[in-house]
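What the sequence shown shows, in my numbering, is residues 230 to 864, in sequence order. Only one structure is covered here, and it is reproduced in the block below.
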Amino acid sequence: MKQVVQHNKTGNIEVQNVPPPVVKAGHILVQTHCSVISAGTERASVAKRSSSLLQQARKNPELVAKVLDQVRQHGLLASYRRVQGVLTAWSALGYSVSGVAVAVGDGVDGVRSGDRVACAGAGYASHAEFVLIPKNLCVKIPNNVTFEEAAYTTIGSIALQGVRQAAPTLGETVAVIGLGLIGQITIQLLKANGCSVVGIDIDKRSVALAKESGADVAIERAKDVQSGIRSFTRGVGVDAVIITAATSSNDPVQLAGELCRERGRVVLVGDVGLALPRGPYYTKELDFKLSRSYGPGRYDVEYEERGHDYPIGHVRWTERRNMAEVLRLISGKNLKLDLLTTHRFAVDEAKKAYALIASKEKRERYVGVLLTYDAPNLQTPTKRKASKEGGAGEPMKVGFVGAGSFAQAQLLPHLKKVAGISLEGVCTGNGLNSANVARTFGFSFATANAEEIFQHESIGTVFIAARHNLHAPFVVKSLTAGKCVFVEKPLALNDDELSSIIKTYSSKSGASLMVGFNRRFSPDAIRAKEFFGDAVGPFTFLYRVNAGYIPNAHWTKDPVEGGGRIIGEVCHFVDLMQFFCGSVPVRIFAERLGPSPTHAPDDDSAAMTIRFNDGSVGTILYEANSASHLPKEYV
């Protein structure tokens, strides 16, 4: 399929052919009909990636700190590989599309195949012919709303959330500073809410358009804005100001404080300089609020990715409910989006569209810029017959499933160097990411559908480094196809998964299975094993692991997807003790750090005592709360 992408290092824009996504539980596969380029947000993104690494580091010191933290945790070489992997990759653009649902995953209610839908989300609702959207970021389009109008839904939701944060009441006067696309929609929303509206911008063409959008007064910033506001409000000042501008200048924040009446409200939607001047904000006792994108749920993994909604009695307006309300307003002709559409480009002409918004001169006026799409057929993977002689495929021809940052930094650089290896196919859940990995490491093909790896007739070995809940089912599918398997730890998350693997492996004697327990292969571990080779057991072991803190929203801590850090990582250390004593565990006692008057229970920190069959005893102290300067592991 075609997708608009940008190179992370050079900033170049291209339309590339990448593998289409595959529907999965809780998601909707959508064929895109129209998408909107958000001129402000996407222009900033394009400019950021087009700047030098030094300029990016100066503007984003938090990214430098993140890289240094990676170096402390994973070492210089692995961190360098991760950074290089990011810099040489292409990234998706776009976050507001409309189209038709072509497939619906398990657990999705309210949307069926064939429904017209509007979709949201950076990384999801990209400028691509097909997109895979989590259910909480997808809403049905009313019959009298066109695809072009519906494509504005996400951007309209950003404006609507800003209005909600300002909480205007009927008859109040609200000023909107910054009259780009979001500013124009904000004006229309405020007029639908019964407010008097003042529009302010540095561009006279935007000021003129604001009058068409319904502004009662529209003023150029170069003129005496304060006098105009005093005249319009009879000397009182505006009740609220919504800032939708995009500038590094602090002028919008300064101006907002000057325009407000006493105890007025200022809401920041855009990206501007943020040094609050004490004078007007203190003397008038103004409220200052930031509006976070399309509404409650944004940046919440549980809501956006895992589909857990907020009860309406506790959170009335989530981002999905905001999207539905924008569509209702469009349907009722309260929002006039045709007024704002200035350009339409076919997706093949996306480079022209981005050249338009990236131009510093801005000689050609633009507001709403649309990309339109043809209706290509969604290709399905070809089912391939496995060879019946000695298992499917050739062992030295490799397929890779789940090539995320860990695999790209720790596995693939070494695998690529192995003599005789042929890297055939790579799969990640995102077609663009798969294409990036294939390009970087030299795979013959890329896909977003793991079945293409399992069914490929020449692949004889499958590497699995996907998320933990996929390890067991992917191992079973690979073994069933007669392929050898290397799977990252953990092998399984529960007894049922493990039993399924054992049963399948027992029936496929020609296929080998290896789990990525790597501690036993380290030179130090091998030397220690040799040193104690003549010793008479049993042994005692003390294994301290300084695991470090990770946030609760991280996927490894999700009980379904990651299984928790104890299952996900402690298996490494149990395996090393097994290697040393040559025996298997028979009994275990474990305690996590419990609650205290000032601290909640710590599920990531635990002490475990394990008795082995030969009488050896090992203690693992797995700590997420230790000092960062301590080494990660001590045995």
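All C-beta atoms in this analysis are idealised placements derived from N, C-alpha and C, irrespective of residue type, glycine included. Values in this document were obtained by computation on a predicted structure and should not be read as measured data.
Scanning its chain for C-beta atoms nearer than 6 Å, with the 5 sequence neighbours on each side dropped, one finds around A504 the residues N479, in chain order. Residue pairing by DSSP places L258 opposite A332 and L361 in a beta bridge. The C-beta of A636 has 16 or more other C-beta atoms within 10 Å across all chains shown, which makes the residue buried.
Annotated as distal: K645 and S687, with beta-carbon spacing of 7 Å or more. Restricted to the segment 609–680, the beta strand (DSSP E) segments that are unbroken, complete and at least 3 residues in length are 623–630, 651–656 and 674–676, listed in chain order.
Taking C-beta atoms under 8 Å as the contact rule, H700 and I693 qualify, at a distance of about 6 Å. Counting the other CB atoms within 10 Å of its CB gives R494 a total of 16 or more, which places it among the buried residues. Fully contained in the segment 453–489 are the following beta strand (DSSP E) runs of length 3 or more, in chain order: 467–472. Taking 7 Å as the cut-off, the Cβ atoms of A404 and G334 do not count as close.
Put simply, of K758, T375 and L641 the residue whose alpha carbon is nearest the alpha carbon of R345 is T375. Residue burial is scored here from C-beta neighbours: V691 has at least 16 other C-beta atoms within 10 angstroms and is therefore classed as buried. By the 16-neighbour rule on beta-carbons within 10 angstroms, R341 is exposed. The three-state reading of DSSP puts A268 in helix, counting H, G and I together.
Under DSSP, the beta-bridge partners assigned to N775 are E852.
Per DSSP, R816 lies in no alpha helix (DSSP H) segment; the continuous beta strand (DSSP E) that holds it begins and ends at P814 to L822.
Closest in alpha carbon position to H783, among F760, V714, R535 and R545, is R535. Going by C-alpha positions, E820 is about 16 Å away from V803.
Looking only at V704, F808 and E726, the smallest Cα-Cα distance to F746 is reached by F808.
When C-alpha distances from G343 are compared across S355, G352, G777 and V329, the shortest belongs to V329.
In the pairwise beta carbon analysis, the segment 350–367 is classified as not touching the segment 385–395: fewer than three pairs are separated by under 8 Å. DSSP, reduced to helix, strand and coil, places A757 within a helical segment of the structure shown. Below 8 Å, too few C-beta pairs join the segment 453–464 and the segment 390–400 to call them touching: fewer than three. Here DSSP, grouped into helix, strand and coil, assigns D831 to strand. In the DSSP assignment, Q232 is bridged to Q245 and A357. C-alpha of H262 to C-alpha of K786: approximately 37 Å in a straight line. Within a 10 Å sphere around the beta-carbon of H697 sit 16 or more other beta-carbons, which makes this residue buried. In the structure shown, E534 falls within a coil segment according to DSSP collapsed to helix, strand and coil. Rounded to whole angstroms, A421 and G352 show a C-alpha spacing of 32 Å. A347 sits close to S327, with the two beta carbons spaced by under 7 Å. Here DSSP, grouped into helix, strand and coil, assigns L556 to helix. The residues Q390, R527 and Y528, in chain order, have a CB closer than 8 Å to that of R521 in the same chain once the five nearest residues on each side in sequence are set aside. Going by beta carbons, A664 and V247 fall inside the 7 Å limit. With respect to L652, F672 sits close: the two C-beta atoms are nearer than 7 Å. In the DSSP assignment, L438 falls within the alpha helix (DSSP H) that extends over K433 to S442. The alpha carbon of E531 has as its nearest neighbour, out of S857, P780 and I795, the alpha carbon of P780.
In this chain, A421 is not harboured by any beta strand (DSSP E); it is covered by the alpha helix (DSSP H) spanning L410 to A421.
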